[in-house]
Amino acid sequence: MALYDELSRPGSLWFESTCPDARYGESLLFTDPVEILTLHSGDDIRAWFESLESRLEKGYALAGWLGYEAGYLLDSALDRCAWPDEGRTLLGWFGVYRAPKRIGREQIDAADEQAAVRKCAVSGFGFEFDEAEYCQRIDRLKDEIAAGNVYQVNFTGRCGFTFDGSPEALYVAMKRRQPSPWSAMLNTGDRLVLSFSPELFFVREGRLIETMPMKGTAPRMTSAEEDRAAREGLAKCEKNRAENLMIVDLLRNDLGRICETGSVQASDLFETQTYPTLHQMVSTIRGELRDETRLHDLFRALFPCGSVTGAPKVRAMKLIRELERSPRGVYTGAVGFMLPGGRTAFNVAIRTIELQGRRGVYGTGSGIVWDSEPQQEFRECMLKTEILSGLVPSSPGIFETIQWNGFDYLLLDDHLDRLFASAQALGIKVDQSAVLDELDAKAEELRALGGRHRVRLTLGHNGDVLVESEPFTLDLSGNSVRVCIASERVDSADSLLHYKTTARNRYDQALMQAMGKGFGEVLFLNERGELTEGAISNVLLRIDGSWFTPPESSGLLNGVFRRYLLRTRPWIKERSLTLDDLRRAEIVLICNSLRGMRRAEVDISE
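In full-length UniProt numbering, the protein residues as written are 1 to 606.
Next comes the structure, spelled out in structure tokens:
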């Protein structure tokens, strides 16, 4: 059976290494587990590790993942930080296997070529923090650092997206965009984990153990000279070196708890490794485990990896629990395998995707120290998400983003009118009663939760209905949104511009790049130089005391809030608008049905 066909079966796990070091350069396929051992938040984690160890002693192999939140069960000082879930959250999954299959490079390349022709698509990509809220939380962390309560904290957030197509194609596409020595694809039945980590958590051969923390990044440049300068700048950057050294010291101390006295050594400090989208700084630490070290002892000393928590680890993890919006899950946990005889390898599960059905989650973050610039840290997070851009669906679905105000859906009739009209125009079959039933069920759930939520109603190209929600904070500060101009022009003849389809790579990528430069929105021009719309907004200009918005003929989506304004504000007129109009406008507003109307500060130079 072909490699990726095997991975379509639950319980099949694939660990792909491109590392040239023969000690952990093999690629292994685990199939047909004889047993599944899971860890939940209410379980005894020591007993669970003992059950894993007993299978190893019987000659079985183990493979799977351990989620970040499992770390809160490994230290009594962190018990009270556990997520309030009544003990039901899945924190770890390991299959018990007879023996893995070793897969050679030629076979892998052939399987990749077959999988690459399959279709996959990522759409509706969005970070759970806006820049202002993100920066507020970074400022809070800097206050803790200034007070001497903590030295460094790795702060992260989740990016949600909708996935369509072949998971195998997604794995291959991502792997090609971000080659990594520690890739993995795990099919555990209820979820798929796709990991493209460049960071080794630890590798063990008998009593020898090695870890390679990564801290410090720099984006790739377009010219070879600039790229070389960026890499050299990263290697010499005092901030990144200090941050890296802080984590090296933390991990050296962690290893000292389970290794022979004097055996822990740090080497190859501040090396730089290069990947397609960024350069990364790494260091290496080695030690010799004590004879009596058990599996629980090893993970209790090391997990989660200090590079994804901060220092001191316990205080950093408490702040992470307090300030991060959602559980990390597999992200920043560990993905790996354990073989009889003591050979073990785990990555740090960064650059890792969790897929459950069509819903995907991708984590991103950065290390915060006393002199961190919040806006720069936000841009680093956005840089790390670029690996997901460029995956465009061939047969798009359509969707609506609706605000739940705590009591009801806002402008629901307008959203449904547009959804059903778009479905008819694009030939998508839609069961309107099924859509309404799903919305009613979600409304009941949201009323119980309370508060404002962003609701995404998606209609797949095959008519499948998906309703998702997440908490949403409406910005009532009145502050202007910084806006730039997209470098790419849209084609006004493109009929899909008039529909809110899941084929939004152009917009998602441009917005992520703009956010990485400190902007909150990006405006597009068409082939004639006419202003069209923003990535997530329509635009209005006040010129000589009169209000105008671009016409649909310029190539734009007739947003729900735009429709509402044209229907209720007759003084707003449609008119072709240009960059000159944008320059001389007295007021620029951007609007959508989720966030309402916001004043924009446009930087045309960008």
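Even for Gly, the Cβ is constructed at its ideal location relative to N, Cα and C.
| Check | Outcome |
| --- | --- |
| Can you tell me which of R482, R351, A535 and E57 puts its alpha carbon nearest to the alpha carbon of R489? | A535 |
| Cα separation between N240 and K215? | 7 Å |
| Which first and last residues belong to the beta strand (DSSP E) in which P471 is found? | V465 to P471 |
| According to DSSP, simplified to helix, strand and coil, what is R102? | strand |
| Using a Cβ-Cβ cutoff of less than 8 Å, which residues in the same chain neighbour P10 once the five nearest sequence positions on both sides are dropped? | N187, T188 and G189 |
| Since D190 is in the alpha helix (DSSP H), which residue starts that stretch and which ends it? | Looking at the DSSP string, D190 is not in any alpha helix (DSSP H), and its letter there is neither H nor E. |
| When you compare the region 473-492 with the region 518-525, are there three or more beta-carbon pairs, one atom per stretch, that lie closer than 8 Å? | yes |
| I'd like to know whether the C-beta atoms of L56 and A70 end up nearer to each other than 8 Å. | no |
| By the 10 Å Cβ neighbour count, where 16 or more other Cβ atoms means buried, how is L454 classified, buried or exposed? | For the sequence presented, residue 454 should be read as Arg rather than Leu. Per the 10 Å Cβ criterion, buried. |
| As a quick exercise: from G357, T385, E322 and V308, pick the residue whose alpha carbon is nearest that of A334. | V308 |
| Please give me, in chain order, every unbroken run of the alpha helix (DSSP H) with length at least 4 that falls completely inside the region 460-526. | 505-516 |
| Can the beta-carbon of G555 be found less than 8 Å from the beta-carbon of N592? | no |
| How big is the Cα-Cα spacing for N462 and F161? | 18 Å |
| Count the other CB atoms within 10 Å of the CB of Q152; is the residue buried (16 or more) or exposed (fewer)? | buried |
| Look up W93 in the DSSP assignment and give the residues it is bridged to. | T38 and W65 |
| Going by DSSP, which residues form a beta bridge with K573? | F548 |
| On the premise that S366 lies in contact with E354, defined as a C-beta separation below 8 Å, what is that separation, rounded to the nearest angstrom? | Incorrect: roughly 20 Å between the Cβ atoms, too far for contact. |
| Buried or exposed for K58, going by 16 or more other Cβ atoms inside 10 Å? | exposed |
| Going by other Cβ atoms of all chains shown within 10 Å of its Cβ, with 16 needed for buried, is A218 buried or exposed? | buried |
| I'd like to check one pair, L208 with E288: are the Cβ atoms closer than 8 Å? | yes |
| Around the Cβ of P179, are there at least 16 other Cβ atoms within 10 angstroms (buried) or fewer (exposed)? | exposed |
| The alpha helix (DSSP H) that contains S51, what's its start and end? | I45 to E57 |
| By Cβ distance, which residues of its chain are closer than 7 Å to T364, with the 5 residues on each side in sequence left out? | T156, G157, C159, C381, K384 and T385 |
| Touch check for the region 342-356 and the region 299-308: three-plus C-beta pairs under 8 Å? | yes |
| Around the C-beta of S8, are 16 or more other C-beta atoms found within 10 angstroms, so that it is buried, or is it exposed? | exposed |
| Roughly how many whole angstroms lie between the Cα atoms of A514 and G95? | 42 Å |
| Provide the residue span of the alpha helix (DSSP H) that contains G367, from first to last. | Where G367 is concerned, there is no enclosing alpha helix (DSSP H), although the beta strand (DSSP E) it sits in stretches over R359 to I368. |
| Who are the near neighbours of V314 in its chain, counting only those whose CB is closer than 7 Å to its CB and skipping five residues on each side? | D75, A77 and L78 |
| May I ask you to report which of helix, strand or coil DSSP gives D603? | strand |
| Between which residues of its own chain and L39 is the CB-CB distance below 7 Å, once the five residues before and five after are set aside? | I45, W48, A70, L91 and G92 |
| Pull the bridge partners of Q265 from the DSSP assignment, please. | R286 |
| In whole angstroms, give me the CA-to-CA distance for T261 and T332. | 29 Å |
| Between the C-alpha atoms of M246 and T272, what's the straight-line distance to the nearest angstrom? | 17 Å |
| How about G596: is its C-beta nearer than 8 Å to some C-beta of chain B? | Structure shown: chain B not included; a single protein chain is present. |
| If we ignore side chains and look at the alpha-carbon of each, how far apart do residue 607 and E144 end up? | Nothing in the structure corresponds to residue 607, since the chain is present only between 1 and 606. |
| Indicate whether V330 and I285 have their beta-carbon atoms separated by less than 8 Å. | no |
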